[in-house]
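Number of protein chains: 2
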Amino acid sequence: MSTDKREHIDKREHILTEAEKLFAEKGFDGTSVRDIAHNAGVNLAMISYYFGSKEKLLESLIELRAGYTIGILEELNKDESLSPWDKIERLVDYYVDKIITNLPFHNIMHQQSLNARSSEIKDLIMSIKLRNVEQVRKIFADGEQKGIFRKIDMEMTMGTIMGTISQYTISRDYGCRVLNIDRTHEETYRTELALRLKAHLKQLLRAHLGIK
Amino acid sequence: MSTDKREHIDKREHILTEAEKLFAEKGFDGTSVRDIAHNAGVNLAMISYYFGSKEKLLESLIELRAGYTIGILEELNKDESLSPWDKIERLVDYYVDKIITNLPFHNIMHQQSLNARSSEIKDLIMSIKLRNVEQVRKIFADGEQKGIFRKIDMEMTMGTIMGTISQYTISRDYGCRVLNIDRTHEETYRTELALRLKAHLKQLLRAHLGIK
DNA sequence: TTGAATTAAACAAACGTTTAATTAAATTTT
DNA sequence: AAAATTTAATTAAACGTTTGTTTAATTCAA
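Those protein sequence lines, which keep their order, are chains A and B.
Sequential numbering of the first sequence, starting at 15, is according to my numbering.
Sequential numbering of the second sequence, starting at 15, is according to my numbering.
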């Protein structure tokens, strides 16, 4: 029956979600397969049974989570009714929301960008990032060509967008201290951070790109 | 004699330098004490003998490397002959050079910001970052008060500076691909990256702060 | 009755750390 | 200055855990 198949998939996803939390909190190498099995409430051997290995589990997680970002960017690019600057504003909104609602996964991507030792995972992350970057570059190139954007270093500007968002999403403790946000409420922290990030990035990019 | 003392300290520093390379490449948890001992050419037991533990070794490394940053920032702040904008330009030059000439250490600080499990290290990194941030904030506040800088979100702007620099220093492979820099020569990569980062950040901040 | 899901137990390897013995250097005593 | 003594540096080996993965037996569902 289809319910069995569903249950099977749900269990796989459940393990991945628990692994995601642990990887984000303690790092990939700092998380043991026993940790994952215990937190997911499954037997130790099930991780090898489902995923083959700890590394393959991470690959499965990345493939699961990174799937649908590119679709949104492509759609955004296709939309002829939006001006390049509109697209940048939507891009900022989208990225900020996406990262802040997926903090654990973003954390994992970050740590793997730094220290991935498996070349499969390196390549996987690289291809995901490059595909996204390519879509963003198109928006900048279009705006520049149409004379709407001032001439800028596009690659560096993309780095500024992603880097700024990352800076305070990497460590909640640090973000709360510097931004003077209440440390205790996860929810208020996220909404406050999202608001400030969006406002700041739009103001920054507007000035940088020379939008009136 | 003093030479003996020197040799002793040199050996400690040698171990720290080798550990730094390994931590940066494979992560703290991905690096074994045997790795470090082997790369440094010392007996395994010497790491415990000198540092007490692997974690204490990391603390020693951070304390060694993070020592003198704050001094430069304080000096920069005291200098009355510089305008706030001059200070920002020097700040950018200083940070870019510092991070690019200390990529492995910066990598380690980054990964520990993400996933440090020892609260001693968490606190250590937090205090280092906060002290630096405080000095940078003073420059922005001074410029704003004097009416030289437009009113901006200071904390977010600091995040933009640090985040932009981090973005392409995290992964050389990624940086080379996006920025179209030759992957094979470490030296040209560093100088090219430093040049572009400085130019971009100054142009960006000039527009953002409303400097004519 | 067949195949998949689940389990407890075991596996060898790698881990951080400690031990006890030995060598080298520094200090004190002759 | 030489010998004796104390302290520090270095070593190989072992410690007990923990690691990721596998096995072989068992339960469950088709």
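Glycine included, each C-beta is placed from N, C-alpha and C at the ideal position.
Fair warning: this is a prediction, and the values are worked out from it, not measured in the lab.
Residue i: first and last residue of the uninterrupted alpha helix (DSSP H) it sits in
i                      : result
residue 43 of chain B  : Run containing residue 43 of chain B: none; DSSP gives neither H nor E here.
residue 183 of chain A : 168-183
residue 82 of chain A  : No alpha helix (DSSP H) contains residue 82 of chain A, which DSSP labels as neither H nor E.
residue 163 of chain A : From DSSP, residue 163 of chain A is part of no alpha helix (DSSP H); its letter is neither H nor E.
residue 206 of chain A : 200-223
residue 121 of chain A : 117-129
residue 192 of chain A : 186-193
residue 67 of chain B  : Note, residue 67 of chain B: premise wrong, no alpha helix (DSSP H); not H, not E.
Proximal residues to residue i (C-beta, below 8 Å), its chain only, five neighbours per side dropped
i                      : result
residue 48 of chain B  : 58
residue 187 of chain A : 197
residue 201 of chain B : none
residue 20 of chain A  : Low local confidence applies: a pLDDT of 48 at residue 20 of chain A is under 50, so the model's placement there is unreliable, and no value is given.
Residue of the options minimising C-alpha distance to residue i
i                      : options                       : result
residue 88 of chain B  : B:182, B:145 and B:197        : B:145
residue 172 of chain B : B:32, B:109 and B:185         : B:109
residue 216 of chain A : B:188, B:197 and B:174        : B:174
residue 211 of chain B : B:197, B:78, B:226 and B:107  : B:107
residue 191 of chain B : A:141, A:222, A:193 and A:162 : A:141
residue 38 of chain A  : A:76, A:132, A:83 and A:26    : A:76
residue 229 of chain B : A:111, A:127 and A:121        : Lying outside 15 to 226, the shown extent of chain B, residue 229 of chain B is not represented and no answer is given.
residue 225 of chain A : A:160, A:112 and A:183        : A:160
residue 179 of chain B : B:121, B:67, B:132 and B:85   : B:121
residue 170 of chain B : A:147, A:67 and A:177         : A:177
residue 166 of chain B : B:46, B:26, B:105 and B:221   : B:221
Beta-carbon proximity list for residue i, same chain, < 7 Å, skipping 5 on both sides
i                      : result
residue 136 of chain A : 130
residue 70 of chain A  : none
residue 91 of chain B  : 149, 152 and 153
residue 28 of chain A  : 54
residue 41 of chain A  : 125
residue 138 of chain A : 73 and 76
residue 229 of chain A : The requested residue 229 of chain A does not occur in the structure, where chain A is confined to residues 15 to 226.
residue 147 of chain A : 172
Span separating the alpha-carbon of residue i from that of residue j
i                      : j                      : result
residue 30 of chain A  : residue 74 of chain A  : 8 Å
residue 62 of chain B  : residue 55 of chain B  : 15 Å
residue 204 of chain A : residue 114 of chain A : 7 Å
residue 199 of chain A : residue 35 of chain A  : 18 Å
residue 44 of chain B  : residue 124 of chain B : 15 Å
residue 24 of chain A  : residue 53 of chain A  : 15 Å
residue 60 of chain B  : residue 50 of chain B  : 10 Å
residue 214 of chain B : residue 117 of chain B : 20 Å
residue 65 of chain B  : residue 134 of chain B : 15 Å
residue 79 of chain A  : residue 119 of chain A : 8 Å
residue 194 of chain A : residue 209 of chain A : 14 Å
residue 85 of chain B  : residue 82 of chain A  : 46 Å
residue 168 of chain B : residue 163 of chain A : 25 Å
residue 218 of chain A : residue 111 of chain B : 24 Å
residue 223 of chain A : residue 157 of chain B : 23 Å
residue 189 of chain B : residue 46 of chain A  : 31 Å
residue 94 of chain A  : residue 102 of chain A : 14 Å
residue 207 of chain A : residue 132 of chain B : 26 Å
residue 67 of chain A  : residue 104 of chain B : 49 Å
residue 143 of chain A : residue 182 of chain A : 20 Å
residue 26 of chain A  : residue 26 of chain B  : 47 Å
6 Å CB neighbourhood of residue i in its chain, flanking five on each side removed
i                     : result
residue 15 of chain B : At residue 15 of chain B, the pLDDT of 30 sits below 50, so the modelled position is not reliable; the number obtained from the coordinates is stated separately. Hits under 6 Å: none found.
* Give a yes or no on contact between the stretch 153-170 of chain A and the stretch 80-100 of chain A, applying the rule of three or more CB pairs nearer than 8 Å. => yes
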